[in-house]
Every structure is written in structure tokens, then in C-alpha cells.
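These notes concern the structure reproduced below.
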Amino acid sequence: MSQRTAVPRRILFSYENLLPTTEADAESIFNTAAALTRRGHDAIVSVPAPTDLGPGFEREVLDYYGIDAPLRITPVPSFTKNIALQHVYHAMHFPEHPAFADADFIDARNPIVVMRALQCGQRVLMDHYRPWGDQFPPLQPIFRRFMTHPRFLGLAVHSAYAYQSYRRLGVPEAKLRVVYSGFDPSRMNPVLSKQQARALLDFPQHTPIVTYAGRMNERKGLDVILDLAGRMPEVLFVLVGSTGRGPIEIEAEAKDNIRVVPWQTSSSISPYLYASDVLTIPPSSAPLQQSGNTVLPLKIFLYLAAGRAIFAGANPDTAEILEHDRNAWLVSSGDTSEAEHQLRVLLSDTNLLERLGQAGREQAAGLTWDSRAAEIEAFAEECLARDPAAVGKEPWSASACTLDTMKWLVTGVSTGKWIYR
Numbered sequence: 001m002s003q004r005t006a007v008p009r010r011i012l013f014s015y016e017n018l019l020p021t022t023e024a025d026a027e028s029i030f031n032t033a034a035a036l037t038r039r040g041h042d043a044i045v046s047v048p049a050p051t052d053l054g055p056g057f058e059r060e061v062l063d064y065y066g067i068d069a070p071l072r073i074t075p076v077p078s079f080t081k082n083i084a085l086q087h088v089y090h091a092m093h094f095p096e097h098p099a100f101a102d103a104d105f106i107d108a109r110n111p112i113v114v115m116r117a118l119q120c121g122q123r124v125l126m127d128h129y130r131p132w133g134d135q136f137p138p139l140q141p142i143f144r145r146f147m148t149h150p151r152f153l154g155l156a157v158h159s160a161y162a163y164q165s166y167r168r169l170g171v172p173e174a175k176l177r178v179v180y181s182g183f184d185p186s187r188m189n190p191v192l193s194k195q196q197a198r199a200l201l202d203f204p205q206h207t208p209i210v211t212y213a214g215r216m217n218e219r220k221g222l223d224v225i226l227d228l229a230g231r232m233p234e235v236l237f238v239l240v241g242s243t244g245r246g247p248i249e250i251e252a253e254a255k256d257n258i259r260v261v262p263w264q265t266s267s268s269i270s271p272y273l274y275a276s277d278v279l280t281i282p283p284s285s286a287p288l289q290q291s292g293n294t295v296l297p298l299k300i301f302l303y304l305a306a307g308r309a310i311f312a313g314a315n316p317d318t319a320e321i322l323e324h325d326r327n328a329w330l331v332s333s334g335d336t337s338e339a340e341h342q343l344r345v346l347l348s349d350t351n352l353l354e355r356l357g358q359a360g361r362e363q364a365a366g367l368t369w370d371s372r373a374a375e376i377e378a379f380a381e382e383c384l385a386r387d388p389a390a391v392g393k394e395p396w397s398a399s400a401c402t403l404d405t406m407k408w409l410v411t412g413v414s415t416g417k418w419i420y421r
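Using my numbering, read the sequence shown as starting at 1 and increasing by one per residue.
In C-alpha cells:
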């Protein structure tokens, strides 16, 4: 059990999607909640009940995410598989959960759940990665209003990149804390050498291997990897995380030096990481600018823990964790020719590969789910101890919001891209 340093709290978490799911937010929620239980807190996660709910549901979910902790999961009635209506239904009925009234506070990510819990008299700690106000300017006054509510304890935001977005809304510093995501060290066991991992997976021993592990769709910048594979036929590119035969998989089939691997569970991913010379987050600005949903992706933390060199784009979010020539090799996003050149430089230097990997492994030691839970705990205790009346709103420009909203509408209508910035 992780060391307990605070009063044991009753914490009710909310998750609104059907389980199990490969979505990164589920992995973060369940691992954070589990780590808090290891610190002595009583954590319960309220989730929508699947249509085939059986007596082994809780155990199935815990096993899927590789969780070893006394975490309780309570399925509640679900209205529909339409995700938007499902979220609204879950939020509206969330206060009916048996643990709602007696919880010391609610931990939620969904803004609708947050507002509903506040409306029904509970204190809420929000935990999220997305810079909502920057991406969708019309939402700024809504977020400003509920985030400055006296019972809104604070937001544990996953990056300084997103933190600045909420400061621009006039949310006080006291209600914001950057708390990075993490990884479970047990997922990296047993530790394998590159040779051992390649033998286990039947990968070639002497071919340079570059691996991407994560969700596989057009929003992840994988077009860059497909282009690099065409330019570097001597390198084997491994794409781990396929959940079907989508556009990425179809294009990859035409290239002999790409190997597509199905989605891996928490207990089976590590050999693919250990087998690699380089682990990549595609050097593309598209995921952040077009989808806005990959701020500091979870794969960064597993990559660091694997002790392999990381090849990525020099983007504002990843720059918080990755530093060029210290624990990663960063290139300008969107320039495939430069990416090819720099990847060749990296693969050709054995000492560089080793040095970057070792630095990443050392950094990962402080980025576990348990260390994250300790930070969440400390932040929550600070929020619970203060006088809500002592924390007020800070300045925010309604006129700037109106101008941004107009620009957002024009850009969205003309280009179909609805992520403003």
C-alpha cells in the first residue's frame, strides 16, 4: 500500500462511458482511483451498466485495467448507447447514487456531471486534460461560472499547457494544480532486454525497430509514420493498438516494413516497447491543433518507463515532459523530410539511443499513478481546508471571448475544424 499522509476520505468518482473501453480517460480515472485506495481512501467509481451486466462485472473491469487495489465499481442504469444522451442521463441521475450524499467530495471529468453535482449540494474536484475554453470559446462563461462556484474545490489539470487556458478564464491559481498522468510500474514487468523481447515476439534481431503504441486513427498523426515507412524501407515500423481494419491499417497493408499489432491489454504491452530501438509519438501538430485530445498522451509515461529513446514532435504539450537531447529526440512537427533525417541520425547512434532511454527511465520513477495520487490527495486537502469565500473570481474579458467565438464560428464553418486553438 502507498503511504497514507492525510485523513481517509470517501470519494465518489464518475465515469460516463460503457466499459471496458480502450479510451485513455478510463485508464486514467481507474488507475488514479485505485492509487487513492492504496493510500487508505474509500474510492467508488460510478459507471453505466452494460446491457449484459453480470455478477463478475467489477472483477472484469479491474482485470482489464490491471488494477490491484480495493477499488469498488458500481454500475448504475444506463439510458442509451448514444454517447451524448448517455452522458446527460448519467449526470442527471448521478446524485441518486447511494454514496453521493456521504462522499467527502466528488471526483469527475465530465463538465455536465460537475455542474449537476454542484447543483445538488456536493463539493467537486475536477480532473481533466482538455483546455476547454481555448478549444471552444463559447464555453468560456459556462466553465468560468462553475469553476468559481464556492463548492468547486479545484481542477487537477494534466498539463501546464491546459493550465494556462483556465487561468485565462479568471480561475484563481488556488483552484488549479498541474498533476501529470502516470503509469503502473507493474505493467513493465518482467523487464526484458531488446534481444529477449524480440525473441519473444518473433521480431528480427538486427533490424532497426520504431514502435508506436496507442489508439490508431487519423487523428493521431500516423500519416507521418506511414510516410516515414515509405522513405525508410530498412526500418521496421510497429503500430500497436489496432481495434479493426480502418484507414491506417488498410494503408499499412501496402508496406512490407509496417507490422500492425492489435490493441494490447495492460499486461501485454511491455514486450513491444522493450523490443524497440525507438518509441514514437508521431511528429505531427495535427492531433493537438485539429482534435485537441492528445495533450500529454498517456503513452509518454510508458515510453519513459521502457527506457527506450523517444522520437516525437517539439509540441507545446509534450515539451513539458520531453526535452530534446536529454530524454527524447524532438523534431519540428509537420516536416516529414526533416523527421526522416533526424530519425536516421537517432537510429545510427547507439550511445545516443542508450543515453536518452536511460534518462527517460530515471524520470519515469516519479511519474507513477501512486505518485499522482499523492499529489491529488495533497491538492484535495488544501482545497477542503480553505475558506471558500476567500477565493474569488479573477479578471476575464467577455469581449475577447465574443471575438474568439466569432472567429471560431467562421473557421468552423469555412474549414470544418471546430478546435479553435
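Note that the Cβ used here is the ideal one computed from N, Cα and C, for glycine as well.
Fair warning: this is a prediction, and the values are worked out from it, not measured in the lab.
Which term fits residue i, buried or exposed, when burial requires 16 or more other beta carbons within 10 angstroms of its beta carbon?
i	result
N189	exposed
M147	buried
M1	Unreliable positioning characterises M1 in this predicted model, as indicated by a pLDDT of 46, which lies under 50. A coordinate reading is not provided.
T80	exposed
I209	buried
L296	buried
E377	buried
S284	buried
I281	buried
R130	buried
T32	buried
V345	exposed
L71	buried
A312	buried
S337	exposed
G392	exposed
L85	exposed
A429	Outside the shown range of the chain (1 to 421) lies residue 429, about which nothing can therefore be said.
R144	buried
G221	buried
V114	buried
D474	An answer regarding residue 474 cannot be provided, because it is not within the stretch 1 to 421 covered by the chain.
Give the range of the alpha helix (DSSP H) segment to which residue i is assigned.
i	result
T415	A398 to T415
D63	F57 to Y64
A275	That residue, A275, is in no alpha helix (DSSP H); it is neither H nor E in DSSP.
I67	Unbroken run through I67: none, as it is neither H nor E.
S371	W369 to A385
I281	No alpha helix (DSSP H) holds I281; DSSP gives it neither H nor E.
I248	P247 to A252
Which residue from the options puts its Cα closest to that of residue i?
i	options	result
L322	D335, K299 and A339	K299
V260	D317, L201, L302 and R308	L201
I29	N110, L85, S284 and E394	N110
S159	D317, V76, S186 and V7	D317
P48	F237, C401, G54 and E16	E16
Y166	E320, M126 and L85	M126
I83	R10, L304 and L18	L18
A494	I258, D325 and Y65	Outside the displayed span of the chain (1 to 421) sits residue 494, for which this structure offers no information.
G357	S348, W329, D370 and E382	W329
E375	G154, M115 and I112	G154
T265	I11, A389 and T21	T21
T402	A254, A339, D325 and P137	P137
I11	F105, V238 and G54	F105
M92	N315, L118 and G307	L118
E253	S348, V238 and A319	V238
F203	Q135, Y272 and L139	Y272
T74	G54, E340 and T211	G54
E394	F301, F100, R231 and P141	P141
V7	L236, E23 and H41	H41
S186	A69, V331 and L409	A69
Which residue comes first and which comes last in the beta strand (DSSP E) that contains residue i?
i	result
T21	Counting along the chain, T21 falls outside any beta strand (DSSP E), and DSSP gives it neither H nor E.
P262	I258 to P262
G44	Here residue 44 turns out to be Ile, not Gly, going by the sequence shown. Per DSSP, I44 belongs to the beta strand (DSSP E) from D42 to P48.
T211	I209 to A213
F311	A309 to G313
S14	R10 to S14
R198	Counting along the chain, R198 falls outside any beta strand (DSSP E), though it belongs to the alpha helix (DSSP H) covering K194 to L201.
R72	R72 to V76
V88	Run containing V88: none in the beta strand (DSSP E); it sits in the alpha helix (DSSP H), I83 to H93.
G230	Careful: G230 lies outside any beta strand (DSSP E), inside the alpha helix (DSSP H) at L222 to R231.
R177	L176 to V178
S268	That residue, S268, is in no beta strand (DSSP E); it is neither H nor E in DSSP.
L53	From DSSP, L53 is part of no beta strand (DSSP E); its letter is neither H nor E.
V240	L236 to S242
Whole runs of the beta strand (DSSP E) within the region 101-164, excluding any shorter than 3 residues: 105-108, 124-128 and 152-157
Touching by the beta-carbon criterion (3+ pairs, under 8 Å), the region 237-253 and the region 213-228: yes
message: Which runs of the alpha helix (DSSP H) at least 4 residues long sit entirely within the region 306-367? Give them in chain order.
response: 336-347 and 350-364
- prompt: Taking three-plus beta-carbon pairs below 8 Å as touching, is the region 380-388 in contact with the region 179-189?
  reply: no
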